[in-house]
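Report on one structure; see the data block that follows.
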Ligand code: SF4
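Numbering (this note's numbering), first residue to last: 124 to 492.
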């Protein structure tokens, strides 16, 4: 643990532990997003609130946005289950860039789900229909998007095969550590996903932004390197990326886990079940109400605060007020949780209502994709 305290750990297939996001700028060469914020034509809430804290080469995307020239957004979600608070973040980022003019590529990462989680393609397909319906309910426009399964997208596999000639086992080990071959294969496939929007069939090379959690940065570095090395054959522009912070688990741990159902909730769960999870969630509150009124709470370690910050408050001022009121002891955790429970229940009910109407369309998109 001593090493971890000094250094961040970024592993797309395993544990990611970030003690201090600022350190990633020096450790991994990620650039701060802050200097670009004032230039963004219409920054998202995640950008304004510092949830999106870093990037690589985002200036290229900014330029395209300002000039209204062609660019793409590409990201993938592993079909391992229902949409939860982490996948919701990625989904919203894809939709945000699509609304800002990007052609959107949404990859159902079923090869990665098989290699990393042992989920069969058939099972992935069922989960994917549900996930696509989530995307549609959240505002994804299929007319300006391309949704596909990795396992059925031949162009992605062809790119992975082409790239494999330029990569040695030593390189894969240096980036991903000692892994089974399937994970190295899935990393090559993901490089194919990220560069797919730049193939001639999709209009050729173009700036492409990949919004991801910071745990996915190794894939971005790997793909940027491949884009440069295969420039001669494809004319690829190295992909840009944005990095969002990872939302805290409800139990106060670093990562939500399926093995710990009380550490997260999904958008398919009953509002009553979610209410219970929020009720039992860890907080940054003090042991007694009296103490909290006297010295205030600690929103920095509080998953309830994260829920407002990441997803459940549209108004920036509301989030700032919550932070200050918590710090000053003007608010107690019980009342804060009760307010959040109502907001989440309203959102989830509305989302489930919209989603139920999108299932047929989602099935159709998956079959056509
Ligand atoms: S008052 Fe709210 S934000 Fe502050 S510690 Fe309690 S639950 Fe968290």
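In this text, a Cβ means the ideal position worked out from N, Cα and C, and glycines have one as well.
Helix or strand or just coil, what does DSSP make of residue i?
i: residue 425; result: coil
i: residue 195; result: strand
i: residue 287; result: helix
i: residue 411; result: coil
i: residue 234; result: helix
i: residue 451; result: helix
i: residue 364; result: strand
i: residue 226; result: strand
i: residue 389; result: strand
i: residue 377; result: coil
i: residue 437; result: coil
i: residue 303; result: coil
i: residue 369; result: coil
i: residue 353; result: coil
i: residue 358; result: coil
i: residue 420; result: coil
i: residue 406; result: coil
i: residue 395; result: helix
i: residue 480; result: coil
i: residue 383; result: coil
i: residue 124; result: The predicted position of residue 124 is uncertain, since its pLDDT is 36 and thus under 50; a value taken from the coordinates is nonetheless stated next. Reduced to three states, the DSSP call for residue 124 is coil.
How many whole angstroms separate the CB atoms of residue i and residue j, which I take to be in contact at a CB cut-off of 8 Å?
i: residue 396; j: residue 435; result: No, residue 396 and residue 435 are not in contact; Cβ-Cβ is about 17 Å, not under 8 Å.
i: residue 311; j: residue 286; result: 5 Å
i: residue 258; j: residue 223; result: Not really, about 17 Å apart at Cβ, beyond 8 Å.
i: residue 408; j: residue 481; result: Actually they are not in contact, since the Cβ atoms of residue 408 and residue 481 sit about 38 Å apart, beyond 8 Å.
i: residue 247; j: residue 231; result: 7 Å
i: residue 415; j: residue 452; result: 5 Å
i: residue 353; j: residue 174; result: Actually they are not in contact, since the Cβ atoms of residue 353 and residue 174 sit about 33 Å apart, beyond 8 Å.
i: residue 345; j: residue 298; result: 6 Å
i: residue 472; j: residue 394; result: 6 Å
CB residue i to CB residue j, shorter than 8 Å?
i: residue 167; j: residue 239; result: no
i: residue 272; j: residue 251; result: yes
i: residue 234; j: residue 274; result: yes
i: residue 474; j: residue 214; result: no
i: residue 463; j: residue 427; result: yes
i: residue 148; j: residue 178; result: no
i: residue 268; j: residue 227; result: yes
i: residue 450; j: residue 422; result: yes
i: residue 315; j: residue 280; result: yes
i: residue 265; j: residue 488; result: yes
i: residue 336; j: residue 367; result: yes
i: residue 253; j: residue 216; result: no
i: residue 340; j: residue 151; result: yes
i: residue 289; j: residue 211; result: no
i: residue 270; j: residue 229; result: yes
Suppose the cutoff is 8 Å on Cβ atoms and the five residues either side in sequence are ignored; what does the same chain contact list for residue i look like?
i: residue 379; result: 207, 208, 209, 370, 372, 373, 386, 387
i: residue 160; result: 166, 170, 171
i: residue 332; result: 181, 184, 194, 195, 196, 197, 220, 225, 362, 363, 364, 365
i: residue 439; result: 168, 171, 172
i: residue 383; result: 372, 374, 376
i: residue 441; result: 431
i: residue 343; result: 179, 317, 333, 335, 362, 364
i: residue 164; result: 188, 189, 223
i: residue 283; result: 308, 311, 312, 314, 315
i: residue 278; result: 315, 319, 322, 324
i: residue 153; result: 147, 177, 178, 179, 337, 340, 366
Can you name, in chain order, every residue of its own chain whose Cβ lies under 6 Å from the Cβ of residue i, other than the five neighbours on each side?
i: residue 183; result: 330, 363
i: residue 406; result: 425, 427, 456
i: residue 249; result: none
i: residue 444; result: none
i: residue 291; result: none
Enumerate in chain order the residues of its own chain whose CB-to-CB distance from residue i is below 7 Å, with the five nearest sequence positions on each side excluded.
i: residue 262; result: 218
i: residue 328; result: 321, 358, 359, 360
i: residue 162; result: 185
i: residue 486; result: 252
Any Cβ of chain B within less than 8 Å of the Cβ of residue i?
i: residue 246; result: Absent from the structure is chain B; it holds one protein chain and no more.
What runs of the alpha helix (DSSP H), each 4 residues or longer, lie entirely inside the region 313 to 338? With a minimum length of 4 residues, no continuous alpha helix (DSSP H) run stays inside the region 313 to 338.
In chain order, each beta strand (DSSP E) run of at least 3 residues that lies wholly inside the region 143 to 222: Listed in chain order, the complete beta strand (DSSP E) runs (minimum 3 residues) inside the region 143 to 222 are 175 to 179, 195 to 200.
Ranges of the beta strand (DSSP E) found wholly within the region 239 to 295, counting only runs of at least 3: Within the region 239 to 295, the complete beta strand (DSSP E) segments of 3 residues or longer fall at 268 to 272, listed in chain order.
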